[in-house]
Amino acid sequence: KKKSLAGAAQILLKGAERLSKSVAENQENKRQRDFNSELLRLRQHWKLRKVGDKILGDLSYRSAGSLFLHHGTFEVIKNTDIDLDKKIPEDYCPLDVQIPSDLEGSAYIKVSIQKQAPDIGDLGTVNLFKRPLPKSKPGSAHWQTKLETAQNVLLCKEIFAQLSREAVQIKSQIPHIVVKNQIISQPFPGRKLFKTL
Numbered sequence: 001k002k003k004s005l006a007g008a009a010q011i012l013l014k015g016a017e018r019l020s021k022s023v024a025e026n027q028e029n030k031r032q033r034d035f036n037s038e039l040l041r042l043r044q045h046w047k048l049r050k051v052g053d054k055i056l057g058d059l060s061y062r063s064a065g066s067l068f069l070h071h072g073t074f075e076v077i078k079n080t081d082i083d084l085d086k087k088i089p090e091d092y093c094p095l096d097v098q099i100p101s102d103l104e105g106s107a108y109i110k111v112s113i114q115k116q117a118p119d120i121g122d123l124g125t126v127n128l129f130k131r132p133l134p135k136s137k138p139g140s141a142h143w144q145t146k147l148e149t150a151q152n153v154l155l156c157k158e159i160f161a162q163l164s165r166e167a168v169q170i171k172s173q174i175p176h177i178v179v180k181n182q183i184i185s186q187p188f189p190g191r192k193l194f195k196t197l
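When we follow the numbering used here, the leftmost residue of the sequence shown carries the number 1, and every step to the right adds one.
In structure tokens:
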């Protein structure tokens, strides 16, 4: 009887072990399918290419004719920060993107006109390409907002670089001043135009 029970227990243990391996494999296969489906969604919106074992994407506007020298490349990585034994959170995404550090954050171009009289300050200010920091919409991927924000930063940098080049090349009685991230010009006597990144 004891040998029969030990044999049955051994069979049950092996079955339980196989079942737990099967469940773990199914979860890993599901994660791989989820990663592939997210990658497919990413490919629908962004230009991707495989270089070696890395998947790289393009944020630049080169395909639209841009000559800006910034590479604008991001890397697609598999998100493995999840424990398979615990419940997967609802906001979990199987992939993430790494963008260049100089494209992180947000950017906009501020244009203001000031009168040179000391008693009158700013005549008007306009913020171009300024977007409020996006809140993740339910159902939207975290990588999508990250890439859109980085692409906006790249666009602002490109526009500001072009404005700076043109400001330096234009011949005028009062020269335009380009200092770091600000362009100062005087289109009319007593008025200054500031363009700031």
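Each residue gets a CB set at the ideal place from its N, CA and C atoms; glycine is no exception.
The count of Cβ pairs closer than 8 Å, one atom from the segment 144-163 and one from the segment 97-104, reaches three, so the stretches are in contact. Secondary-structure assignment with DSSP links residue 97 through a beta bridge to 76.
For residue 93, the CB contacts under 8 Å within the same chain, skipping 5 residues up- and downstream, are 38, 79, 141, 142 and 143 in chain order.
For residue 188, the enclosing beta strand (DSSP E) starts and ends at 182-188.
Measuring C-alpha to C-alpha distances from residue 60 to each of 48, 53 and 54 identifies 48 as the nearest. Distance check between residue 52 and each of 67, 69 and 76 places 76 closest, using alpha-carbon atoms only.
When the beta-carbon positions are compared, residue 184 and residue 164 stay at least 9 Å from each other. Secondary structure at residue 170: coil, using DSSP grouped into helix, strand and coil. Comparing alpha carbon positions, the residue from 167, 175, 158 and 113 closest to residue 194 is 113. Residue 192 sits in a strand when the DSSP states are folded into three classes. Residues of the same chain with a CB within less than 8 Å of the CB of residue 181, apart from the 5 flanking positions on each side, are 160, 196 and 197 in chain order.
Using a 10 angstroms sphere on the CB of residue 188, the tally of other CB atoms stays under 16, which defines it as exposed. Inter-residue distance for residue 7 and residue 21 is about 21 Å (C-alpha atoms, whole angstroms). In terms of Cα proximity to residue 179, the closest of 172, 167 and 158 is 167. In this structure, the CA atom of residue 69 is about 36 Å from the CA atom of residue 116. Taking a contact as a CB-CB distance under 8 Å, the pair residue 58 and residue 73 counts as one, their CB atoms being some 6 Å apart. If you draw a 10 Å sphere on the C-beta of residue 55, you find 16 or more other C-beta atoms in it, and that means buried.
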